[in-house]
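Below is one structure, written out as structure tokens; comments come after it.
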Amino acid sequence: MHVSPDPITNPEQAAQERETLLDLIARGLYCTTASALGAGHDEPSAEALTKARAVADDYVAAYEEWLVRLAADNAAPDPQ
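Structure follows, in structure tokens:
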């Protein structure tokens, strides 16, 4: 299955998409950790999601920095 999202055209959309991404990553981190520890798959507590969200935010921030560097490198003229 191939999904093509609508393009993000303004900062508000970008911020909302970032929040959605952080929530998804935080829940994934929680589920992965809970599974590795042999815990059940109950709904994560607000505290657990807050902690996982901090990790997710670090990950997304690093990814954003990488994307900015990549865009800058791609925009730079090739040395000849």
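The opening residue of the sequence shown carries number 125 in our numbering; numbering runs sequentially from there. For glycine and all other residues, C-beta sits at the position ideal for the given N, C-alpha and C. Owing to the predicted nature of the structure, the values given are computational and were not obtained by experimental measurement.
Within the model, the alpha-carbon separation for residue 178 versus residue 160 is close to 20 Å. The Cβ atoms of residue 146 and residue 180 sit closer than 7 Å to each other. Annotation for residue 184: 142, 145, 146, 149 place their beta carbon closer than 8 Å to its own, counting only its chain and skipping 5 residues before and after. For residue 161, there is no enclosing alpha helix (DSSP H), as DSSP marks it with neither H nor E.
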